[in-house]
Every structure is written in structure tokens, then in C-alpha cells.
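Chemist: Chains U and L, in that order, give the protein sequences. This note's numbering puts the first residue of the first sequence at -14, with every later residue one more than the last. This note's numbering puts the first residue of the second sequence at -14, with every later residue one more than the last.
There are 2 protein chains.
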Amino acid sequence: MTKKIVIVGGVAGGASAAARARRLSEDADIIVFERDSFISFANCGLPYHIGGEIEDRDALLVQTPESMKARFNLDIRIQSEVIGVDAERQEVTVRELASGREYSERYDDLILSPGAVPIVPPIPGVDSESVFTLRNIPDMDRIIRKINIEAPRSAVVVGGGYIGIEMAEALIHRGIETTMVELANQIMPPMDPEMAVPLHQEMRRNGVRLQLSDALEKVEETAEGLELSMRSGRSLQTDMVILAIGVRPENTLATMAGLAIGEKGGIQVDRTMKTSQPNIWAVGDAVEVRDFVTGAPAQIPLAGPANRQGRIAADNIFDLHSEYKDTQGTGICKVFELSAASTGASEKMLVAQGIDYEKIYVHGADHAGYYPGATQVHLKLVFDPKNGRVLGAQAVGAKGVDKRIDVLATAIRGGMTVFDLEEFELCYAPPFGSAKDVINQAGFVASNLCRGEHAVCHAEDLPEFSDDVVLVDVRNPTEITVLGSIDGSVNIPVNSLRDNLDRLPKDKTLVVYCAVGLRGYVAYRMLKNLGYQVKNMTGGYTTYQMVKRIGQ
Amino acid sequence: MTKKIVIVGGVAGGASAAARARRLSEDADIIVFERDSFISFANCGLPYHIGGEIEDRDALLVQTPESMKARFNLDIRIQSEVIGVDAERQEVTVRELASGREYSERYDDLILSPGAVPIVPPIPGVDSESVFTLRNIPDMDRIIRKINIEAPRSAVVVGGGYIGIEMAEALIHRGIETTMVELANQIMPPMDPEMAVPLHQEMRRNGVRLQLSDALEKVEETAEGLELSMRSGRSLQTDMVILAIGVRPENTLATMAGLAIGEKGGIQVDRTMKTSQPNIWAVGDAVEVRDFVTGAPAQIPLAGPANRQGRIAADNIFDLHSEYKDTQGTGICKVFELSAASTGASEKMLVAQGIDYEKIYVHGADHAGYYPGATQVHLKLVFDPKNGRVLGAQAVGAKGVDKRIDVLATAIRGGMTVFDLEEFELCYAPPFGSAKDVINQAGFVASNLCRGEHAVCHAEDLPEFSDDVVLVDVRNPTEITVLGSIDGSVNIPVNSLRDNLDRLPKDKTLVVYCAVGLRGYVAYRMLKNLGYQVKNMTGGYTTYQMVKRIGQ
Chain U
-14 MTKKIVIVGG VAGGASAAAR ARRLSEDADI IVFERDSFIS FANCGLPYHI GGEIEDRDAL
46 LVQTPESMKA RFNLDIRIQS EVIGVDAERQ EVTVRELASG REYSERYDDL ILSPGAVPIV
106 PPIPGVDSES VFTLRNIPDM DRIIRKINIE APRSAVVVGG GYIGIEMAEA LIHRGIETTM
166 VELANQIMPP MDPEMAVPLH QEMRRNGVRL QLSDALEKVE ETAEGLELSM RSGRSLQTDM
226 VILAIGVRPE NTLATMAGLA IGEKGGIQVD RTMKTSQPNI WAVGDAVEVR DFVTGAPAQI
286 PLAGPANRQG RIAADNIFDL HSEYKDTQGT GICKVFELSA ASTGASEKML VAQGIDYEKI
346 YVHGADHAGY YPGATQVHLK LVFDPKNGRV LGAQAVGAKG VDKRIDVLAT AIRGGMTVFD
406 LEEFELCYAP PFGSAKDVIN QAGFVASNLC RGEHAVCHAE DLPEFSDDVV LVDVRNPTEI
466 TVLGSIDGSV NIPVNSLRDN LDRLPKDKTL VVYCAVGLRG YVAYRMLKNL GYQVKNMTGG
526 YTTYQMVKRI GQ
Chain L
-14 MTKKIVIVGG VAGGASAAAR ARRLSEDADI IVFERDSFIS FANCGLPYHI GGEIEDRDAL
46 LVQTPESMKA RFNLDIRIQS EVIGVDAERQ EVTVRELASG REYSERYDDL ILSPGAVPIV
106 PPIPGVDSES VFTLRNIPDM DRIIRKINIE APRSAVVVGG GYIGIEMAEA LIHRGIETTM
166 VELANQIMPP MDPEMAVPLH QEMRRNGVRL QLSDALEKVE ETAEGLELSM RSGRSLQTDM
226 VILAIGVRPE NTLATMAGLA IGEKGGIQVD RTMKTSQPNI WAVGDAVEVR DFVTGAPAQI
286 PLAGPANRQG RIAADNIFDL HSEYKDTQGT GICKVFELSA ASTGASEKML VAQGIDYEKI
346 YVHGADHAGY YPGATQVHLK LVFDPKNGRV LGAQAVGAKG VDKRIDVLAT AIRGGMTVFD
406 LEEFELCYAP PFGSAKDVIN QAGFVASNLC RGEHAVCHAE DLPEFSDDVV LVDVRNPTEI
466 TVLGSIDGSV NIPVNSLRDN LDRLPKDKTL VVYCAVGLRG YVAYRMLKNL GYQVKNMTGG
526 YTTYQMVKRI GQ
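1. Output the distance between the C-alpha atoms of U/E187 and L/L305, rounded to the nearest integer angstrom.
2. Can you name the residues that DSSP bridges to L/T78?
3. Can you check whether the C-beta of L/A6 is within less than 8 Å of a C-beta belonging to chain U?
4. Could you tell me which of U/K54, U/G160, U/P175 sits nearest to U/I63, measuring between CA atoms?
5. Name the two residues that bound the continuous alpha helix (DSSP H) containing U/S52.
6. Sort L/L393, L/K131, L/K310, L/T237 by Cα distance to L/R275 and report the nearest one.
7. Kindly give me the distance between the Cβ atoms of L/V70 and L/A242, rounded to whole angstroms, as I take these residues to be in contact under 8 Å.
8. Quick one, which of L/H185, L/R296, L/S451 has its alpha-carbon nearest L/T538's?
9. If you draw a straight line from the C-alpha of L/L97 to the C-alpha of L/Q379, how long is it?
10. Tell me whether U/R275 sits in a helix, a strand or coil according to DSSP, three-state version.
11. Reducing DSSP to helix, strand and coil, say where U/C29 ends up.
12. Taking U/G289 and L/E410 to be in contact with their CB atoms under 8 Å, please state how far apart those CB atoms are, rounded to whole angstroms.
13. Between which two residues does the alpha helix (DSSP H) holding U/M180 run?
14. How would you call U/A337, buried or exposed, if buried means at least 16 neighbouring beta carbons within 10 angstroms?
15. Just reading off the beta strand (DSSP E) that L/G316 is part of, what are its end residues?
16. L/T523 versus chain U: which residues are under 7 Å apart at the beta carbon?
17. Answer with buried or exposed for L/Y498, where buried requires no fewer than 16 other C-beta atoms within 10 angstroms of its C-beta.
18. Using Cβ-Cβ distances below 7 Å, what residues of the segment 370 to 398 of chain U are close to chain L?
19. Does DSSP put L/R42 in a helix, in a strand, or in coil?
20. In chain order, what residues of the segment 70 to 103 of chain U put their CB closer than 7 Å to some CB of chain L?
21. Along chain L, which residues have their Cβ under 9 Å away from the Cβ of U/R256?
22. Does the Cβ-Cβ distance between L/L95 and L/V77 come in under 8 Å?
23. Name the chain U residues whose beta carbon is nearer than 8 Å to that of L/I16?
24. Please check the pair L/L197 and L/Q171, which I expect to be a contact at CB under 8 Å, by giving their CB distance rounded to whole angstroms.
25. Under DSSP, the beta strand (DSSP E) around L/L364 begins and ends at which residues?
26. Along chain L, in chain order, which residues have C-beta atoms closer than 8 Å to that of U/D270?
27. Go ahead and pull the three-state DSSP assignment for U/G525.
28. Check for me: the beta strand (DSSP E) holding U/L215 runs from which residue to which?
29. What are the start and end residues of the beta strand (DSSP E) that includes U/S1?
30. Would L/Q313 count as contacting chain U if we go by Cβ distances under 8 Å?
31. Residues of the segment 132 to 160 of chain U with a CB closer than 9 Å to any CB of chain A: list them in chain order, please.
32. According to DSSP, L/C412 sits in a beta bridge with which residue or residues?
33. Could you list which residues in chain U have their beta carbon closer than 8 Å to that of L/D405, in chain order?
34. DSSP three-state call for L/A326: helix, strand or coil?
35. Which residue from U/L364, U/T523, U/G400, U/P234 puts its Cα closest to that of U/I104?
36. Quick one: what does DSSP say U/E167 is sitting in, helix, strand or coil?
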């Protein structure tokens, strides 16, 4: 019997499900309803077309309804909103937006891929025509029209996540004075606050005014544009506002159909992507997933997972029994000349969920330091100190950040440990890496720690130290002159330590540090072997400075 | 009791062992003997200093004897050659090269890290002063002196491995007409011949004359420079020759000490890096390792493994019981604007060892095609068709090659399968990747194959086909006009297939192909579901062209 599959939403998850369904069955009836005029468009490219990097708007239209139809023999109905689901009768109600005509369509299997909608806070004035969100092609067109026709001189981006950051960069590229307002004390929420510090600096270096720990409370239209009132009491004059606070799952239809919904509003599905109702499946940004590392329910709106889920739902409709294996949340964002990426759990996530962890930092070159153009990669690794299992990683730098996080994402997916990282054989030639890659280095540091060969302390624990602690800066004096040092530390360069042992008390704890932790480790081992009580500050002065500047 | 550790060789493995030994014990006596004047230098950077990318020669001297001494309290004796080992008495004989003085030194533990020596074939005239090898700083200095003083107009590089390729590029950068002679029908021996084809093109595009399947048989000094006679009967006039045929393990001392030596000349060690004699350890290019994938004995002279082995030998001397976990041979080479990388087993290696495998190709963009600057990554994956285990991978492209091979190296290390590759969550934003990364794509293709959802055929099998086969080119006619097509194929674009089914016989095997394999797969599924006998050519016309041009 011919199967009739109805898909609600023709982007990412929906489009992938439709294509996969057709590949699995040539005779299925496959109908895709899409509220907008566009299917399978390059959502993630929108800010880059606004900023001008992607010149051709058509480049964003990865598939058109016509091309999808031709290739996959789909019945694609755009500008058609599914406004009701009758799970009992296996029927959806559809409204043609142009004509207003409503009709119903039966299904054997229904796949919901409604996506997510931008969060718009209920504050006065937020419905102004100069306040924008960015989720789809029409949103993008509206912003471009505003910029091209009215030539705004200033803009305020509310929210420092992926889209907020990309929009701030796009606006700066268009020559618009840009302010970013973020409620938290950091941008890039998947990362921990100290890792966001270089990003704050990079945003400011490129002219973005950053207003952290503040929130938009009121929008007023004035003769000059908009007047924004902030929670801090400050007010801002601007010509336009981009709201990039985040998204929430579009669950209207799902609720209507009586599907189980998670605490954060995501449609609940099992590993086959089946909802709580028979023959109804859900995929993409609208569903609740399980976090691969912590096992906790999560909302992670990313394109890769959406595509995979679409494929899996189609597989299961045709009894191929494939399962979705949770989401790690691997993500990356270009922040002007830097990139920032993360995978797995962040420290703050582990703290919030009460999961035991340890962390280390390394700051290493993206490729051999003696080959031109090497830049520093700041890498933070969180892991289980009992068995060394890698729980998460974050990296910031000008180059090679995507590579390191991809490798660590793979390690996490494979359930690998910090001991495995020591042994990774990665590509090495001077233009590409180092014989001891940043990832190997992170493995060394973390493994030594797990094995009890290396006791570390963290920059944020320093204020707790007392008179029983001596801070030893093992860098060279010139480094201290240029970069400064931690108050109260004594300077004994690592290469002179053996000649200055008389300056170090054996009845106190020594905390050693260098620039990034490597010389500190050499000093640590030497002093430890000589019978001192000693700890090495992981990530050295570089991490210390990041921690000290949290929220700045 | 104070341990006395003697280390022969102060580069890579030896230097790592010395540093690790000191970190483990502050009171051990650690003596490092080095025949040359340099320790721990950047071996891999030598061609780049010759080519001029690395301007400062001192940048290659990662550590000096003085700096190593100061940091690690080592007794480093340069220009000191260990000329004898008495394993019974635990004693080495040392010759000071400057004075000729010989003396002996007792050891508790001896670590051999003598490295490898360039292979110089026993052909007439090879001892000419205009024939060079490149392994260390003095070799490099000699080549630079030749170039700077004599301004040679032409050079011949013999051997197309890493060093040969890097030297050819360096010579071209120095404005020297360069010819490369290679015995095999391909350069970059760790890769399969079809994957080397883009590298041949890149070498020629940059002015290197490539003479494959040929060998140097005689060198004669003439008034104009050198006259080289080739096996092919050709002769070449040139000003200098770089021999980059490969290296063999330096096993003189080991043989003298009666250590077990493998078939290829490598010192045999167990997983703790212990040789066949008590208290003698060996590390680095001189030892025989086990191939991680095939389990076969192998000689893999790479810096990363050497460093790890040095560390492990030191660990075991201090009873830390660490084990070396075999070598994958992950490697990368810059070839002008391209990079070429590989990890694990190549197809030819699997064939040679009679290991069952299957292979697929994907040719995908390094990042989202709609974001500027995307280039193609050619990826070949070999895997076990029974369980999907990834056995090896090779990639060539302008960007993102190191990243893909690093991820796949990690997957191999973790014993992961092509089914895992489907689910990898890798960094995605338009400047960095794609929602379906090349690696995911490779996972899709290989997994579909393992699951029996996708029957592929290989380009090299085409000539075996007969009248029972119909070749169907599913690309658009414009692509065929520009790039050509396979003789005898019929063209029916994938989007028109359903309207042209009458042109396809059900009693013959259809072999479909597109540019890279994706549309071919869509066509395959459609035709398969319609009851046709069909196969898709993996990697499409792109792979076909690479295979057709093997040896060119």
C-alpha cells in the first residue's frame, strides 16, 4: 500500500526527511507544507548576506520548491500553513495563506519540523518597525531594506549568542555603529565566562560597544529613531534594534495535537524521533533532545542535528529502525578575526547539574611556532577526574579552532579519555600543526593530573590563599615587565630555580605559574621531587588574566 | 640509589626522553650524547628555511644544549659519538669528535634514539659534491651554501615523498628549475595512486617537471654541472641533485649491542620501548613499530611518535608502566597551494596484506558552498565492509584537509565505524564547515553501502563491463560540455530520470554516475526502488578522472 507522508516545515529537518523518504520509497506520497515561500534555505548564511560577504541572495536558496520537486518528486505546497492536527483521524488542516482557503489532508505518517521562533520579550515598544528579529529570508530582506533605504547610522543588537555576534559583525561591515546588550556577564553562552573574555576584546577592537549584564526594558520611537531604556538605568539612542535573545521551540501545532512537551517547550520524542502519538514524528529545532554528555533534556537548535533527525524519522517510517544518538551541541562562531567553538559540556553546565569534573587550560600555537603565521589557540578541557573521560572542550583563537574542537567532539562521541588524547596521532607538518599538538598537550596535562603526577590550582582559587602560600612566577623578568604579574608573587625563572631553592620555604604551599603552564609544570615536577608542597596554576598567567577579566 | 641514564641522540625521541626522565626524578644522572652540534632541532622545518619561508635559521633550533641543560639539569655532550655498547657491562664507548679521545661511560639504563639516515643508492657518481641529502642542520647549511654561492639554475629531486615534495617547492621558491624523478607511478607514497593525481597536477602547475616511473642510475660531473642517466634511457643536465628517496633506521649501535632487529632494519622493542636486552631501550625513527590498523611491523619515521616513545621509555625506566600503542602513520604534506594528508591504512597496503576492505570517495566543499572561498576536499575512505570499522583515510584539497584527517585519525584511534561518522557533530557555521560535513557525507555513503542500501562500483572496474551494462550519466548537459564524460554513457539528468524510464532497460545493469556521487546516489535509489539492477559509481566523474590519470 502506498504510504502518505505529510511533512510540516520544509527547512533543514523537514527537507532532509522528505529527501530521505523519497530515496527509501519511489511510490510514497510525500507532501511538504511550508508556511513561507522558501524551503531548505541557508538559514546560517543570513547574517553574511546582510554583512555583504555573501553577495548573491540566491546563493542562500540551496533548494527551491521547483528543484526539490524535480529531484525528489515531492508535493511541495508553500505559503500553506498547517493550522490543526487531528491525531485520531490522522488528518491535518491546512490554510492557503494567499487565498485563505482551508482544507484537510489525511496522513499515514506526519513529520513535524516547525522549527523555532525568535524570543521577543514582552517589553513596551518592542513591536516598533525598527525592531527586527532574524530567522528566515523575509526577516533578512526586511533588515537589508532598512539598511539600504534608511542608511541607519547606529544599531543595537540585543543578545550575544551566535546570531547576535554574527549580526554585530555584519552591521559593522555595513559601517553601522553597533552596540551589543547582553543580560549575562559574557557573550557566546555555550562557553564559560573566562573563555568569552578574548571575544569581548575582539568585539571591542572591531568597534562594537559591549554592554554586558544589562537588559533592554523599553523601546520608544522618537523623532531621531529609537530611545532604548536599559535595566541599568542607562538609555541609548539608536536607529534600529536586532533582537537576538534566542529561540523557543515552535510547539503550537504539537500542543494542539496533544503531544507531550518538555519543560523548555520542546516536543518530546523517543530515539526514533517518534512523539507521544502514534504516527506522528518530530524533528529539528522544535524537539527536545538529550544531551550526549550529561543525559539531561536540552534544546539545541542546530542544523546538523536537525538534518540527521529528519533522516532518522524517515528511516523509521519505513521500518529501518535507526536511532538518534543525542546531541553534543558542537558549535562554532566567527567573531571578526577570531573563532570560538565548543563541544560537549561547559563547566557552568556541569556545575549546574552537580556533575563532578576537573578542568585544565592550554594555550598553544595552531602550528609550529617557527613556521610563519602561528597564532595562539586557547583551549579549555573539562573531564571526569576519576576515569579521565572527556566531558567538554572550548577553544578560542585566530586559526585551527574548528579543527581542535572537531577532534575533541569526535573523542567525546567515542567515549574517549584524556589518556587517549595523549596518544592522538594528528597531522603534523610545520604549516599545519605541531609534533605535540595542542590536543596532545591538553592530554598530557589532564592525564598527569588524573594520574596524580601533577597537582594544579585554578586562577579563581587564588584569592582564597593565605600566608601559608607562596606564589612563584617562573617566567623571565622581561615577560613580567611586558605583561605584568600576580600581586605578591616572587619571580624565579624556571631555569634558575635550582640555584634559588633557599628562597623557597618547605613548610608552605608553593603555587608556581608561567605564561601558559608548561614551564610551571617543569618547575612543579622539580620542586615536587625535591620534597616541596607545590601546585601549578593551570593555563598560567594567560588563564589568570582571562579569569580576572570575566564580565569585562 | 641514583639512577644513571645514558641517552644516545638528542633530537625528538632522545630529547623527549631526557626531559621526561628529569621531570620524574630530580636526582637521576642523565647524560645525552649527540654526534652533531645540535639537539632538539626542528627537523621538519629544514626545507622551509631553504625555501625562505622560515627566514631565521635560529628559529629551527628549538632547544640549544645550553637551554636544555639549564632547564633540565642534563649532562649534554655534543659532537660525541657513541661507538660501542657493552650490554653485559652496561657501558658505552664514546668518541669525542673534536679531539678523537675515546672513553667509556657506565649506565643503569640506556636509551637509543639514533634516528634514521637518508638512503643513498649505490650508483656511480652519487658521491659528487653536488649531490645532497637533507636530514639535519649541516645538510641544510650545505644546500643553502650551494644555492647562495653557486646560484644553480636547475635541480633534480630524486624521490617524491614528504621531503622530496617539500624540497621541490623550496627550490621553485628559490627560482630554480626543478625536476622530480620518482620510481613509482605516483608521488606521496602513503597515498593511493589516484589520490596523488591532483598533486601531480599541482606540482606541474607550479613548474616542477615530474618524471614518474623512472630512476636515477648514474651521475657524472661535467663542465656544465651534472649529467644524470635515467633507467628510462633519458638523460638530464642539472646543477644539483637532492636525494630524497627515503630513510633507513640507524641500527649500527643496536647491531653491535646484539639487539634484535626487524626485517626492515628497525630495532625491535616491546610496548614499553624495551629492546631485546635488559636496560636498553630504543625510541624514534630507528625502531620498528606495529601498524595500528593492520598490526604488521612498520617503519614510520615521524616526529609525534618519536616524542611519545621517548616519554614512554622514560616512564618505564621509572616503573610507571606506560605503553606505546602503535603507530597510525598520520601525515600531511603541503604541496604548493594544496595539502595532502592520510591516516591509517591505504588501499594498496590493505591489498598487499590481503585484508578485506571496501572504499568510497566523496568530493565536498571545505565549508558551505554559499560562503565565499569554498574549495573541494577530495576524500577517500577505506573501511571493513563487514562491521564498518574505519581502516584509513586520505584527503587532498586547498583547505580543511588537516581537519578532516585529524578527525578520521581520532575515529580510527577510537575504533569507530562508518556508522559513527554519520553522527559526528562537527563545528558548523558557513565559514568553517557544512551542516553535512564531508566526513558525515563519507559516513552516509559508506554506511549505506554496509547496510546494503547502496551498491557502488569503482571507476577502475568499468573496463570489465560488457554489453550487459548501460552507463548513465545523470549530470546536466552543460557539465558534460565543460568536463567531458565517459565514452559510451547516455546522458539523462537526475531530475529528468522519471520522465525517461523508457530509455533504461530492466534486463541490463545500469551504472549511474554524476560529478561526485550524490546525484548518482539519488538516481540509484530511485532506479533501485523501481526494480532496476543498478550501481552508482562512487566519487562520480571526479574520481573517474583521477583513476584514469594514474601515473600521469
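Cβ atoms here follow ideal geometry from the backbone N, Cα and C, with glycine treated the same way. All values derive from a computational prediction rather than experimental measurement.
Modeler: In terms of the structure at hand:
1. The count along the first sequence starts at 1 and reaches residue 187 of chain U at position 202. The count along the second sequence starts at 1 and reaches residue 305 of chain L at position 320. When rounded, the distance between both Cα atoms is 44 Å.
2. Taking the first residue of the second sequence as position 1, residue 78 of chain L is located at position 93. The partner list for L/T78 (beta bridge, DSSP) reads L/G69, L/S89.
3. The sequence position of residue 6 of chain L within the second sequence is 21, counting from 1. False, the Cβ-Cβ gap to chain U never drops below 8 Å.
4. Position 78 of the first sequence, counted from the first residue, corresponds to residue 63 of chain U. Comparing Cα-Cα distances from U/I63 to each of U/K54, U/G160, U/P175, the minimum goes to U/K54.
5. Position 67 of the first sequence, counting from 1, holds the residue named residue 52 of chain U. Taken as a continuous stretch (DSSP letters only), the alpha helix (DSSP H) holding U/S52 covers 50 to 57.
6. As a working note, residue 275 of chain L is residue 290 in the second sequence. Among L/L393, L/K131, L/K310, L/T237, the Cα nearest to that of L/R275 belongs to L/K310.
7. Position 85 of the second sequence, counted from the first residue, corresponds to residue 70 of chain L. Position 257 of the second sequence, counted from the first residue, corresponds to residue 242 of chain L. So it is a contact: roughly 4 Å between Cβ atoms.
8. One cannot answer for residue 538 of chain L here, as it falls past the ends of chain L, which runs -14 to 537.
9. Working through the second sequence from its first residue, we reach residue 97 of chain L at position 112. Working through the second sequence from its first residue, we reach residue 379 of chain L at position 394. Their backbone Cα atoms lie some 33 Å apart in a straight line.
10. Taking the first sequence and counting its residues from 1, the one referred to as residue 275 of chain U is at position 290. In the structure shown, U/R275 sits in a strand (DSSP, three-state: E or B).
11. Walking along the first sequence from the start, residue 29 of chain U turns up at place 44. Helix.
12. To locate residue 289 of chain U, count along the first sequence from 1; it is residue 304. To locate residue 410 of chain L, count along the second sequence from 1; it is residue 425. U/G289 to L/E410, Cβ: 6 Å. Contact.
13. Position 195 of the first sequence, counting from 1, holds the residue named residue 180 of chain U. Looking at the DSSP string, the run of the alpha helix (DSSP H) that includes U/M180 is 178 to 190.
14. Position 352 of the first sequence, counting from 1, holds the residue named residue 337 of chain U. Answer is exposed; the Cβ neighbour count stays below 16.
15. Counting from one through the second sequence, the residue named residue 316 of chain L turns up at place 331. Run containing L/G316: 316 to 320, per the beta strand (DSSP E) assignment.
16. Counting from 1 along the second sequence, the entry for residue 523 of chain L is found at position 538. Correct list: empty, because the minimum Cβ distance to chain U is about 16 Å.
17. Start at 1 with the first residue of the second sequence, and residue 498 of chain L comes out as number 513. Classification for L/Y498: buried.
18. D387, K388, I390, D391, V392, A394, T395, A396, R398
19. Taking the second sequence and counting its residues from 1, the one referred to as residue 42 of chain L is at position 57. DSSP places L/R42 in helix when its eight states are reduced to three.
20. none
21. Taking the first residue of the first sequence as position 1, residue 256 of chain U is located at position 271. By Cβ distance, chain L contributes nothing, its closest Cβ being about 12 Å from U/R256, past 9 Å.
22. To locate residue 95 of chain L, count along the second sequence from 1; it is residue 110. To locate residue 77 of chain L, count along the second sequence from 1; it is residue 92. Taking 8 Å as the Cβ cut-off, L/L95 and L/V77 qualify as a contacting pair.
23. Residue numbering aside, residue 16 of chain L sits at position 31 when the second sequence is read from its first letter. Residues of chain U passing the Cβ test: none, with the nearest at roughly 18 Å.
24. In the second sequence, the residue the question calls residue 197 of chain L occupies position 212. In the second sequence, the residue the question calls residue 171 of chain L occupies position 186. Contact flag correct, Cβ pair sits at about 7 Å.
25. Here residue 364 of chain L corresponds to residue number 379 of the second sequence, with the count starting at 1. Residues 361 to 368.
26. For this step, residue 270 of chain U is matched to residue 285 along the first sequence. Here the premise fails: no neighbours, minimum Cβ distance about 13 Å.
27. As a position in the first sequence, residue 525 of chain U is number 540, starting the count at 1. Reduced to three states, the DSSP call for U/G525 is helix.
28. The residue labelled residue 215 of chain U in the question sits at position 230 within the first sequence. One point to set straight first is that residue 215 of chain U is Met, not Leu, in the sequence displayed. That run of the beta strand (DSSP E) goes 210 to 215.
29. Start at 1 with the first residue of the first sequence, and residue 1 of chain U comes out as number 16. Unbroken run through U/S1 is the alpha helix (DSSP H), -2 to 9; no beta strand (DSSP E).
30. One-based indexing of the second sequence puts residue 313 of chain L at position 328. L/Q313 counts as touching chain U.
31. Of the chains in the structure shown, none is chain A; the protein chains are U and L.
32. Position 427 of the second sequence holds residue 412 of chain L. L/C412 is not bridged to any residue.
33. Start at 1 with the first residue of the second sequence, and residue 405 of chain L comes out as number 420. Near L/D405 (Cβ distances below 8 Å), the residues of chain U are R398, G399.
34. On the second sequence, position 341 is the one that residue 326 of chain L refers to. It is a strand residue.
35. The sequence position of residue 104 of chain U within the first sequence is 119, counting from 1. Out of U/L364, U/T523, U/G400, U/P234, U/P234 has the C-alpha closest to the C-alpha of U/I104.
36. Counting from one through the first sequence, the residue named residue 167 of chain U turns up at place 182. Residue state, collapsed to three classes: strand.
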